[in-house]
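Notes follow the structure.
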Amino acid sequence: MRKHNFAFIDIETTGLNLLDNEIIQIGCVITTESLKVVEEFELKIKPEHIETADPVALKVSHYDSTDWESAGTLKEAMKVFSEKVKNCIMVGHNVAFDAGFLEYAFNKTKISNTMHYHRLDTVSIAWAKMHNDPKLEHFSLRELCLLFGINNERAHTALSDARATYELYKKLMEL
0 MRKHNFAFID IETTGLNLLD NEIIQIGCVI TTESLKVVEE FELKIKPEHI
50 ETADPVALKV SHYDSTDWES AGTLKEAMKV FSEKVKNCIM VGHNVAFDAG
100 FLEYAFNKTK ISNTMHYHRL DTVSIAWAKM HNDPKLEHFS LRELCLLFGI
150 NNERAHTALS DARATYELYK KLMEL
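Here it is as structure tokens:
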């Protein structure tokens, strides 16, 4: 694992069900194994079935159709994403959620998932290191950012949450 870059990834979706809902945004911070940032990017994806979207999810994700007018298709986004994250280890906050949607998107678009098979979850790391801390009631990204003084100015936008996850990972590794 030491020879692989990390890809700190966050996605925004039109809901919580990967069969009924869609990825509308992917944010990623790629770092070296020593956590030096190599690249940051965000991909907006035009939803194909906005009619099945959960209105609460759209509000939380700051979705506005005018901001997505020039967004690409899922296939275009997954092609770019696959090229950029090749051989990276995925790191996410509640990584199973993001990984599930991404794997579904890779399969749907018939684009290869080029990431390394290992994944790291900042929720699990935080729990392992801090489960006895009485100041923590929840292990949400919001709660952990507050605890560590991490500024997540545009929470629930993909790149901002990916950056916050990167900053959180660094803080957790210092514990």
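Residue numbers 0 to 174, in numbering that gives the first Met the number 0, belong to the letters of the sequence shown in order.
Where a beta carbon is used, it is the ideal one built from N, C-alpha and C, also for glycine.
Taking C-alpha atoms, which residue in Lys78, Ile29, Asn16 and Trp67 lies nearest to Thr51? In the sequence shown, counting from the first residue as 1, residue 51 sits at position 52. For Thr51, the nearest C-alpha among the options comes from Asn16.
Could you tell me the distance, in whole angstroms, from the CA atom of Glu152 to the CA atom of Leu145? Position 153 of the sequence shown holds residue 152. Position 146 of the sequence shown holds residue 145. Those two C-alpha atoms are separated by around 12 Å.
Kindly identify the DSSP beta-bridge partner or partners of Asn120. The residue labelled residue 120 in the question sits at position 121 within the sequence shown. Note that residue 120 is Asp in the sequence shown here, rather than Asn. Answer is Gly91, bridged to Asp120.
Beta-carbon proximity check, Phe80 vs Ile25, cutoff 9 Å: Reading the sequence shown from its first residue, position 81 is the one you call residue 80. Reading the sequence shown from its first residue, position 26 is the one you call residue 25. Cβ atoms of Phe80 and Ile25: closer than 9 Å.
Do three or more CB pairs link the segment 113 to 129 to the segment 36 to 43 at distances below 8 Å? no
Could you tell me whether the segment 55 to 62 touches the segment 4 to 24, where touching means 3 or more Cβ pairs closer than 8 Å? yes
Mind listing, in chain order, the continuous alpha helix (DSSP H) runs of no fewer than 4 residues lying wholly within the segment 8 to 59? 54 to 59
Which value, in whole angstroms, describes the spacing of the CA atoms of Lys45 and Asn150? Locating residue 45 in the sequence shown gives position 46, counting from the first residue. Locating residue 150 in the sequence shown gives position 151, counting from the first residue. So the alpha carbons of these two residues sit roughly 28 Å apart.
Residues in the same chain with beta-carbon distance under 6 Å from Lys74, minus the five sequence neighbours each way, listed in chain order, please. On the sequence shown, position 75 is the one that residue 74 refers to. Around Lys74: Thr108.
Whole-angstrom C-beta distance between His3 and Ile88, which should lie under 8 Å: As a first step, residue 88 is located in the sequence shown; it is residue number 89 there, counting from the start. As a first step, residue 3 is located in the sequence shown; it is residue number 4 there, counting from the start. About 5 Å separates the CB atoms of Ile88 and His3; that is less than 8 Å, so the two are in contact.
For Thr164, report the span of its alpha helix (DSSP H) as first-last. In the sequence shown, residue 164 corresponds to position 165, counting from 1. Element bounds for Thr164: Ala157 to Glu173.
Leaving out five residues before and five after Glu142 in sequence, what residues of the same chain have Cβ atoms less than 8 Å from its Cβ? Taking the sequence shown and counting its residues from 1, one reaches residue 142 at position 143. Cβ within range, chain order: Leu135 and Glu136.
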